[in-house]
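Engineer: Handing you this structure, nothing more for now.
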Amino acid sequence: MAAYWLNGKLVNREQATVSVFDHGLLYGDGVFEGIRFYRRKAFRLEAHLRRLSHSATAIGLMLPYTLDELETAIEDVIRACTEADGYLRLVITRGEGSLGIDPALCKRATAFIIADRIAVVAPHVLEQGAKLVIASTRRLPPDGLDPRLKSLNYLNQVLARMEASHADADEAVLLNAQGYVTEGTTDNIFIVRDGTLMTPPVTDGALEGVTRDIILQLARELGITCSERTLAPYDLYTADECFLTGTAVELVPVREIDARMLHSCPGPVFQRLQNAFRDRIAGEAGENSMKRVAS
Ligand SMILES: Cc1ncc(COP(=O)(O)O)c(C=O)c1O
Numbered sequence: 328m329a330a331y332w333l334n335g336k337l338v339n340r341e342q343a344t345v346s347v348f349d350h351g352l353l354y355g356d357g358v359f360e361g362i363r364f365y366r367r368k369a370f371r372l373e374a375h376l377r378r379l380s381h382s383a384t385a386i387g388l389m390l391p392y393t394l395d396e397l398e399t400a401i402e403d404v405i406r407a408c409t410e411a412d413g414y415l416r417l418v419i420t421r422g423e424g425s426l427g428i429d430p431a432l433c434k435r436a437t438a439f440i441i442a443d444r445i446a447v448v449a450p451h452v453l454e455q456g457a458k459l460v461i462a463s464t465r466r467l468p469p470d471g472l473d474p475r476l477k478s479l480n481y482l483n484q485v486l487a488r489m490e491a492s493h494a495d496a497d498e499a500v501l502l503n504a505q506g507y508v509t510e511g512t513t514d515n516i517f518i519v520r521d522g523t524l525m526t527p528p529v530t531d532g533a534l535e536g537v538t539r540d541i542i543l544q545l546a547r548e549l550g551i552t553c554s555e556r557t558l559a560p561y562d563l564y565t566a567d568e569c570f571l572t573g574t575a576v577e578l579v580p581v582r583e584i585d586a587r588m589l590h591s592c593p594g595p596v597f598q599r600l601q602n603a604f605r606d607r608i609a610g611e612a613g614e615n616s617m618k619r620v621a622s
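For the sequence shown, my numbering assigns the number 328 to the initial residue and increments by one for each residue that follows.
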């Protein structure tokens, strides 16, 4: 299934390697995107490339290829895959440098794309709902590392995910330094209360998720009232419904948070949004041309 593209060309798995001096590896100095493809077409590619470009700009990293060139590379790597549906990881690192941290010594960024299957959520979790725990590991504050920046620094999320595993849970929720809800380790979080859909504003410490945006847009189209507002753990515990959104996880209903059982899972609002989301994917994947999907 898998296919690989590295610094301008398709390569096999053995050739898909980077230097031990790459600052992406040594310092987490780089940016990335996770992108789904359905029926050999990258989903919401324009939104992903825009976010990648903003992340790179925010860390002063010059992309080694134009966005059009990256789009062509993505088309090539999808074509090289044996399966029509899958997941892409597009990574741009600062590149090979010295052992010192100074990025100025990295002459050219490294770029690679992996196309592979992804199954991060077990089928029984999709059916019965996920069990969440609130992690003691906090999301880094924006004056440390802006959460809108999709960088290679995921150690907080890794530590939070370990907390979930130790608690025999499926996912962890990270709070910000003030104790308000931000998001999951690799997904955004929504709740429903009295028919209103709510998600924390990205300024509380969440990534501006592409799937999050789609859900907010679908909710408006379906006439579901939605609000981006600060949420406390109390709001999660007492929600009627809760669910997670992300490229890798797609949509996952939540049944339990810190041993509080939610009212409804999968809830009626979740089910409406899930149907609309599936239709949107099918609609966009069905378009004949490879033109970018306007977000
Ligand atoms: C920290 C974090 N939050 C949220 C998301 C969901 O974003 P998207 O819907 O763009 O995949 C991701 C996805 O990678 C993520 O890493």
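We put the beta carbon where it would ideally sit given N, CA and C, even for glycine.
#1: If you reduce the DSSP assignment to three classes, tell me which class VAL452 lands in.
#2: Taking 8 Å as the CB-CB cut-off, is ILE428 touching chain C?
#3: Indicate the three-state DSSP secondary structure (helix, strand or coil) for ILE405 in the structure shown.
#4: Which residues in the same chain have their Cβ closer than 6 Å to the Cβ of ALA446, if we skip the five residues on either side of it in sequence?
#5: So, helix, strand or coil for LEU397, using DSSP?
#6: Round the Cβ separation of THR509 and PRO469 to the nearest angstrom and send it over; I've been treating them as touching at under 8 Å.
#7: Quick check: does the Cβ of ASN515 come within less than 7 Å of any heavy atom belonging to ligand 1?
#8: Under three-state DSSP, which class holds ASN503?
#9: Could you check whether VAL418 and ALA330 sit closer than 8 Å to each other, using their CB atoms as the reference points?
#10: I'd like to confirm the pairing. Which residues does DSSP put opposite LEU578 in its beta bridges?
#11: Quick check: is any heavy atom of ligand 1 less than 7 Å from the C-beta of LEU543?
#12: Can you give the beta carbon distance from TRP332 to ILE440, rounded, assuming they're within the 8 Å contact cut?
#13: Can the beta-carbon of PRO580 be found closer than 8 Å to that of PRO593?
#14: Can you say whether GLY506 is buried or exposed, counting buried as having 16 or more other CB atoms within 10 angstroms of its CB?
#15: Roughly how many angstroms separate the alpha carbons of ARG520 and PHE604, rounded to a whole number?
Structural biologist: Answer, in terms of the structure:
#1: In the displayed model, VAL452 falls within a helix according to three-state DSSP.
#2: The chain labelled as chain C is not found in the depicted structure, where only one protein chain is given.
#3: Three-state result, ILE405: helix.
#4: Counting only residues of its own chain and dropping the five nearest sequence neighbours on each side, ALA446 has no CB closer than 6 Å to any other CB.
#5: Of the three classes helix, strand and coil, the one that applies to LEU397 here is helix, per DSSP.
#6: Wrong, their Cβ atoms sit about 11 Å apart, outside the cutoff.
#7: At least one heavy atom of ligand 1 is nearer than 7 Å to the Cβ of ASN515, so yes.
#8: The DSSP-derived three-state label of ASN503 is coil.
#9: Not a contact, by the Cβ cut-off of 8 Å.
#10: Answer by DSSP bridge pairing, in chain order: THR572.
#11: Relative to the non-hydrogen atoms of ligand 1, the Cβ of LEU543 never comes closer than 7 Å to any of them.
#12: So it is a contact: roughly 4 Å between Cβ atoms.
#13: Cβ atoms of PRO580 and PRO593: closer than 8 Å.
#14: Exposed is the call here.
#15: Going by the C-alpha atoms only, they are around 20 Å apart.
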